[in-house]
Amino acid sequence: MPGTITEQHAEAVTVKTNGPIEIRELTGAERTVALYASDMPKGRRSTFTSEQYGQWIVQGAKRLGEAEMRRRALYLRGWRVLDMHGLVTAQVQARHEQRFPEGRRLIRSDKGGSLTISVYGMTKTALARNGKVALDGDCPCDGTGWIMLWNDDPDMSSEIMCPVHRRAEIDAFNRARRAGA
Ligand SMILES: [Zn+2]
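Numbering (my numbering), first residue to last: 1 to 181.
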């Protein structure tokens, strides 16, 4: 039966598909989308052990395949970054909802994924990939890197850096600000 979980220890949670999927090698968003695609049951009981989440992550990752898992993770991150700034376009929102129709399951997948990060950690290569984003649809900046926020009062209108396309600059700015504080 697909999805049957056999008992195993956390350090042995590795499966062979095209290559081994080791939880530590997955970013936060990759763990989320893998959990979402797994047999993690629906229902009120929303917390499981890190070991159990780990097994579902491996299952979901295997089910999606590495390329699809990474693609979904990048789009999820892209949607999040826009959402954080209240800038999600209708197209990006529609595709996000199509990909993740169950909002509650996505939240639970996030929680489960986060738990495995605190328990198992993350490799350096996964960490380097962790901040990457992609958009499935039009960006509010039209790829220019700048978003105009119009106000009835022209003096209150302003242009902001696109959180997706100017991510590196925004991160550098925040780092510099923290360093100077
Ligand atoms: Zn943009």
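Just so you know, even glycine gets a beta-carbon here, dropped at the ideal spot from N, CA and C.
By the CB criterion at 9 Å, E30 and A61 fall inside the cutoff.
In this structure, V92 has its beta carbon at no less than 8 Å from each heavy atom of ligand 1. A straight line joining the alpha-carbon of T144 with that of L87 spans about 15 Å. At least one heavy atom of ligand 1 lies closer than 8 Å to the C-beta of I147.
In this chain, the beta strand (DSSP E) harbouring W146 covers W146 to L149. For V88, the shortest C-beta to heavy atom distance toward ligand 1 is 8 Å or greater. Shown here, M40 sits in coil according to DSSP, grouped into three states, outside any helix or strand. At a threshold of 8 Å, G143 counts as near ligand 1, since its beta carbon sits closer than that to one of the ligand's heavy atoms.
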